[in-house]
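Engineer:
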Amino acid sequence: MAAAVTIALALEGQLRLDDQPALHQAVALARQRRARLLVLACRPEGQRLRGPHQRQLEAQALASLHARLAAAGIPLLAFPQHITAAALAELRPMVQPEAVLQAQESRLFGTWPVAAERFPSVFSQFRRGLERDPEPPLPPPDLAGLGDAWDDLPRSWLVPPAAPPAAAAADPRSAFSFPGDESAALARLQHYLFASDGLRHYKATRNGLVGTEFSAKVSPFLGVGSLSVRRIWQEVLRYQELHGADEGSEWMQQELLWREFFLWSEQRHGDAFHAPGGLQNRTPDWVEDRERFVRWTRGDAGHPLIDAQLSELLATGYLSNRGRQWVASHFVNELRLPWIWGARFFEWALIDAHPALNTGNWAYLAGVGSDPRSFGGSPRRFDLERQVRLYDPGQTHRQRWSRPASLPL
Ligand SMILES: Cc1cc2nc3c(=O)[nH]c(=O)nc-3n(C[C@H](O)[C@H](O)[C@H](O)COP(=O)(O)OP(=O)(O)OC[C@H]3O[C@@H](n4cnc5c(N)ncnc54)[C@H](O)[C@@H]3O)c2cc1C
């Protein structure tokens, strides 16, 4: 019997069926060629080692996707150590795909939203310069008829990827208490936009520190690719059709555009984006005190407010945006440590770690990135005592995170 024609889709870290343009192309091609479909989950090129919290979420997203594809007779082969080219080489003795389509990271815009040669250094100019609206998401495709018995693959390759490591029971104090798979991502989005009053009040609550509801908690899903940012935008538009464009929904759109700004900014500036001197090419002014840094990575920064933030980060991988700002500002201005050390540690520890978003924010706070106030001046400095009065007047966060995780709340 002639070998079946195979079309492969490489997920490149995008672990979902919803809004996957490359999956639609693969499906169309497979139907045209009367081929079967194969899906590969490899390590995206250049991706650094992920920390335990993000790995756990990724494993959950992968296991769920495996089951959904298996139901349609489509194998999902996971090669966590390999990039796609290496995985294809390993596969070649058994299966040679006729075409391999590669998924792309979810962005609101498929091509430069502001011309690359005019790409601005600051967000306000980016927002004003946007040349068109975000693109709509695609629904999940119909996968019927694209499966096969896959007798040419070792049976052991078709079993589900190893179950997520038996994680210590999730910390009951966590602000992100959801599994990482696509259905959990979509359920969270619906809850925050339509079931609770979350989005409506987002502008007022977004600087919160404690609980699941002060912000959308979608970044961990975006980080492992189990949610599409176009789907979020589309649902915000649907919310606005139903309830009108209120402050909360408009502020959410602005935050999603911040994400877009950093993604395109990284693409525009390449290595300079991640360099110690940042986009501004400033001479680093810091103290390379390794001992102080190691203490910081263990949650001992020498300031109770920051220690509580670090304690939350280490226990759960999630930290509020306000908490991240305090920690980074303290790291740069008070400890005077190299911001790139802090950024690299966050990239390992965060449950939503994303190199462009993380570096973009750290560089902003270190005064070498896109903070308009920092051009020619100093980084912005947070007065922590004032911040506590504003955002944690009852010291709820500090009390919560200065206790050992095992104690009842
Ligand atoms: C030092 C520092 C490091 C950061 N590192 C990361 C990171 O590695 N990964 C990451 O996803 N976010 C990072 N952020 C941005 C922000 O803190 C998180 O996106 C946000 O807290 C995630 O929670 P949420 O989904 O509930 O956000 P919400 O407040 O509900 O916002 C919705 C979405 O808007 C986007 N967004 C919000 N704020 C920002 C921002 N400042 N920059 C870019 N996009 C934003 C995110 O996609 C977020 O999921 C960092 C911020 C700071 C100050």
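Take the sequence shown: its position 108, counting from 1, is numbered 107 in numbering that gives the first Met the number 0, and each next residue is one higher.
Each residue gets a CB set at the ideal place from its N, CA and C atoms; glycine is no exception.
As the structure is a computational prediction, the values presented were derived from the model and not from experiment.
(1) Which residue wins for smallest C-alpha separation from P303, given the options P74, E290 and R397?
(2) At 3 residues or longer, what runs of the beta strand (DSSP E) sit wholly inside the segment 86 to 163?
(3) If you count every other CB in all the chains shown that lies within 10 Å of the CB of G359, and 16 or more means buried, which is it?
(4) In the DSSP assignment, find the beta strand (DSSP E) that holds V38 and state where it starts and stops.
(5) Mapping DSSP to helix, strand and coil, what is F374?
(6) Tell me whether K202 counts as near ligand 1, meaning its Cβ is closer than 7 Å to at least one heavy atom of that ligand.
(7) With distance defined between alpha-carbon atoms, name the residue in C41, P136 and A71 nearest to L61.
(8) Excluding the five sequence neighbours on either side, which residues of its own chain have a C-beta within less than 7 Å of the C-beta of P139, listed in chain order?
(9) Could you tell me the distance, in whole angstroms, from the CA atom of E89 to the CA atom of P51?
(10) Would E346 be called buried (16 or more neighbouring beta carbons within 10 Å of its own) or exposed?
(11) Tell me where the beta strand (DSSP E) around L75 begins and ends.
(12) For a test of your reading of the model: does the CB of G222 fall under 7 Å from any non-hydrogen atom of ligand 1? Yes or no.
(13) Which residues does DSSP pair with A9 in a beta bridge?
(14) Nearest by alpha-carbon distance to H65: which of L157, Q101 and A34 is it?
(15) Can you look up F292 in the DSSP assignment and give me helix, strand or coil?
(16) Whose CA, out of R335, F122 and L137, lies closest to the CA of E259?
Structural biologist: Result, derived from the coordinates:
(1) It is R397 whose Cα lies nearest to the Cα of P303.
(2) Here the runs fully enclosed are 98 to 101.
(3) Residue environment for G359: buried (at least 16 other C-beta atoms within 10 angstroms of its C-beta).
(4) Element bounds for V38: R35 to C41.
(5) F374: coil per DSSP, three-state reduction.
(6) Not under cutoff, so the answer is no.
(7) Residue C41 is the option with its Cα nearest to L61.
(8) Closer than 7 Å at Cβ, skipping near neighbours: L16 and D17.
(9) In this structure, the straight-line span from the alpha carbon of E89 to that of P51 is close to 27 Å.
(10) Around the beta carbon of E346, 16 or more other beta carbons sit within 10 angstroms, so the residue counts as buried.
(11) Note, L75: beta strand (DSSP E), L75 to F78.
(12) Correct: G222 has its Cβ closer than 7 Å to ligand 1.
(13) A9 pairs with L39 and Q101.
(14) When only C-alpha atoms are compared, the closest one is L157.
(15) Residue state, collapsed to three classes: helix.
(16) Among R335, F122 and L137, the Cα nearest to that of E259 belongs to F122.
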